[in-house]
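J.: Chains as they are written, first to last, in the working numbering: chain A, 366 to 487; chain B, 32 to 743.
For glycine and all other residues, C-beta sits at the position ideal for the given N, C-alpha and C.
Quick caveat: nothing in here was measured; it's all calculated off a predicted structure.
Below you'll find the structure I mean.
Written as structure tokens, this is what we have:
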């Protein structure tokens, strides 16, 4: 596919699977393990898409999302939020802050891949 | 007129006349010379027959004389005496009838003149008493208002567990289906709450008082009925008498009760949810773990086996996921309906916040769209503080102006928006607000916005909006259904829910017979029936009763039930009581109603009008229902005969008229029971005048009256 994906996630086991899957669909990827790293990578790595966990150390996924959206230079980055809580209010907040999609853990591999492909294909 | 008295007068007359005749004969005899005396005796002996006839005529004549005497003198005198007593102690508006000879008529007029003055005087006294009552009433009404406004049930008891006060909320709580006992003044609390539970809590209070705790409270859960779970907080009521510096013993206790049935059921549901989730997680994880470890430990296994284990892992993971999803959904529904002390409309929450903002920040804010149908569970204080805090940051940091509030629905959430013209919040500052302590108007709260939101299961964020050239703070609060609340109807007059006189009463005595009539608890009752012949199969169709205590009729403590007689009602009786067969369809049968009535009148003396009639019906059912009414029964018909032998009729209306009791709802069981009760209370002082003070005396006097032919 040749697209760039930033994986912002602090759980190594999920990261392993996510990296494997991104590799499988032919994406170039980088991993950030906290909110600060994720923001830095957003500017440096210039991903096409972010897989953004909400419960990140240092800065929450909400903050990262809001900061990225506040930066016009980064406005084309697609953001998929990942959360373990799955509360309706959280989903509403994530989408309001500019996330393009929202996936609750645990999720089906197929669901994730379909969403990634849909956002990158557009 | 009693026969014995009439006979006595008759014989007295006869004795008088016969004595007079004998006296004349003797005087004549004494005045004669000795030989004439002999002739006189011979004369008398010869005319013995004439003498006997004369005697008979004398006897009959004295009968007429006695009858005339009693009719024209004694009866009017006695009537006048009864009237005078009635005026003095019962009904000042009563007037004696002027009848009999002119002297008695004059006496009656004089009594009436005195009654006139007496009525005027007592009227004045009654007016002053009424005024004093009104003043006192203000106080007690304030107390009653306070009690009725409380969202909790309140019951105050003596140390023995007799109820002195309760509020409407407590009444409704214990009127719920399945609660076996009745709440009522002077009744025992232990028919409503488990005695051991109450005694244990009381012991704890005593212990803590002895430890020097000045305001001890003990808390326990009680289940008075199958569908009722109550959290009870108990505090002691201290006596006024101080005992040489030692800690006082409580003279009573106060119970504050909240229905927590719903709440506890939700917690139980939540525990169950967790339990199921853990079980399911253990089972699936066991499968996954075993399959994964097999794959890891035996890499040499064939590809078929590998695929099999991988499929297990995948399937089990799916199963766990599905369960988790379901549990999450159910949990969020549970949390949504968990009882909260303050349930309010979202618009009211906004109104509170706006007032606070006006007071603390001096900022007036506006409103836009306000959806009034949204209810939320909110701690209005901390939430208003949070909104005030946000508006202050908006004003200080973002130069926000024209702050407006909107309340709209968003799925299962209420959306409270704070919009302003000015700079929208930059991402970083909005997030910093969440973790800073809430400070507004000089009041620092230990809570942060994030914590307040967390407690409410809410989320909030800032966003910009080009249309308003400014920013928006958006708050999502889960909506709730308004919780079930005990319906408290407006009371036109404050009912008698308290009686502190009970504090000074002796405990319930086994033997009521020697207790004074003034200090007993009574149940005035009446029944309506299909006809007059219980032996011929007539049945009770309605029982009405009201309690009386300390000389008061407790109009709020009534028993009023219709009964399905399971047989047709005769048109003649339907005309009297106005109960149609349609009204009785679906009503409980007597074997259900009678035990409830039995409990209602437990430990009281029964009072009925022509109670023998009602008792016959009740006693005929003893075998069938297993309910026996063994208490003493007083009959206002008999008592009226004791008091007013000569004032004529002893029908309920006639007696009510004599005692100036207004009759409403005649020929409904409850209406007649009320009238009977009022009459009975007015009879007590009149009975006392005749020396009838105790229950035993009232019982014995009733039995002695002419009407007392039927023994209970």
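Cβ of residue 401/A less than 9 angstroms from any chain B Cβ?
T.: no
J.: Among 389/B, 44/B and 553/B, whose alpha-carbon lies nearest the alpha-carbon of residue 633/B?
T.: 553/B
J.: For a minimum of 4 consecutive residues, which ranges assigned as the alpha helix (DSSP H) are wholly contained in the region 192 to 220 of chain B?
T.: 199 to 205
J.: Grab the span of the beta strand (DSSP E) containing residue 666/B for me, first residue to last.
T.: 664 to 666
J.: Nearest-angstrom Cα distance between residue 548/B and residue 711/B?
T.: 10 angstroms
J.: Determine the DSSP secondary structure at residue 396/B, reduced to helix, strand or coil.
T.: coil
J.: Taking only the alpha-carbon atoms, compute the straight-line gap between residue 468/A and residue 368/A and give it to the nearest angstrom.
T.: 20 angstroms
J.: In three-state terms, what does DSSP make of residue 41/B?
T.: Of the three classes helix, strand and coil, the one that applies to residue 41/B here is helix, per DSSP.
J.: Consider the Cβ of residue 381/A: report whether some Cβ of chain B lies at a distance smaller than 9 angstroms.
T.: no
J.: Residue range of the alpha helix (DSSP H) that residue 727/B falls in?
T.: 726 to 735
J.: In the DSSP assignment, what are the bridge partners of residue 497/B?
T.: DSSP, once it has assigned bridges, lists no residue as partnering residue 497/B.
J.: Mind listing which residues of the region 454 to 477 of chain A have their C-beta closer than 7 angstroms to chain B's C-betas, in chain order?
T.: 454, 455, 457, 458, 461, 462 and 471
J.: Going by CA-CA distance only, name the one from 428/B, 357/B, 569/B and 351/B that's closest to residue 18/B.
T.: The question about residue 18/B has no answer here: the residues shown for chain B are numbered 32 through 743.
J.: Closer than 8 angstroms by C-beta to residue 524/B: which residues in its own chain qualify, once you throw out the five before and the five after it? Chain order, please.
T.: At residue 524/B the pLDDT is 37, less than 50, meaning the model places this residue with poor confidence; the figure from the coordinates comes in the next sentence. Within the same chain, no residue comes within 8 angstroms of residue 524/B by CB-CB distance, once the 5 residues on both sides are set aside.
J.: If the cut is a Cβ gap below 8 angstroms, which residues of chain A does residue 444/B touch?
T.: Near residue 444/B (Cβ distances below 8 angstroms), the residues of chain A are 453, 454 and 457.
J.: Kindly indicate which three-state DSSP category residue 188/B falls into: helix, strand or coil?
T.: Of the three classes helix, strand and coil, the one that applies to residue 188/B here is strand, per DSSP.
J.: I'd like to confirm the pairing. Which residues does DSSP put opposite residue 418/A in its beta bridges?
T.: Bridge partners of residue 418/A: 447/A.
J.: Would you say the region 643 to 651 of chain B touches the region 672 to 690 of chain B, given that touching needs at least three Cβ pairs under 8 angstroms?
T.: no
J.: Which chain A residues are close to residue 507/B, counting only those with a beta carbon under 7 angstroms from its beta carbon?
T.: At a beta-carbon threshold of 7 angstroms, the residues of chain A lying near residue 507/B are 454 and 457, ordered along the chain.
J.: Can you look up residue 125/B in the DSSP assignment and give me helix, strand or coil?
T.: coil
J.: Would you call residue 378/A buried or exposed, if buried means 16 or more other Cβ atoms sit within 10 Å of its Cβ?
T.: exposed
J.: What do you reckon, are the CB atoms on residue 403/A and residue 373/A nearer than 9 angstroms?
T.: yes
J.: Could you check where the beta strand (DSSP E) with residue 590/B kicks off and where it finishes?
T.: 583 to 593
J.: Beta carbon of residue 508/B, beta carbon of residue 487/B: below 9 angstroms?
T.: In contact: residue 508/B and residue 487/B (Cβ atoms closer than 9 angstroms).
J.: Can you tell me the Cα-Cα spacing of residue 579/B and residue 703/B, whole angstroms?
T.: 14 angstroms
J.: Check this for me: beta carbons of residue 89/B and residue 52/B, under 9 angstroms apart or not?
T.: yes
J.: Run through chain C and tell me which residues come within less than 9 angstroms of residue 377/B, C-beta to C-beta.
T.: This model lacks chain C altogether; the protein chains it does include are A and B.
J.: Using a C-beta to C-beta distance shorter than 8 angstroms, which residues of chain A count as neighbours of residue 494/B?
T.: 461 and 462
J.: For residue 544/B, which option in 426/B, 665/B and 182/B has the closest C-alpha, if you only look at C-alpha atoms?
T.: 665/B
J.: Does residue 377/A come within less than 9 angstroms of chain B when only Cβ atoms are used?
T.: no
J.: Buried or exposed, going by whether 16 or more other CB atoms sit within 10 Å of the CB of residue 506/B?
T.: buried
J.: Excluding the 5 residues preceding and the 5 following residue 444/A in the sequence, name in chain order all residues of the same chain whose CB lies nearer than 6 angstroms to its CB.
T.: Correct list, in chain order: 415, 417, 430, 464 and 465.
J.: For residue 537/B, which residues from the same chain have a beta carbon less than 7 angstroms from its beta carbon, with the 5 sequence-adjacent residues on both sides left out?
T.: Low confidence applies here, because residue 537/B scores a pLDDT of 48, under 50, leaving its location unreliable and the question unanswered by this model.
J.: Thinking just about the alpha-carbon of each residue, which of 39/B, 123/B, 79/B and 129/B is nearest to the one in residue 97/B?
T.: 39/B
J.: So what does DSSP say about residue 71/B, is it helix, strand or coil?
T.: helix
J.: Whole angstroms is fine: what's the gap from residue 573/B's alpha carbon to residue 207/B's?
T.: 21 angstroms
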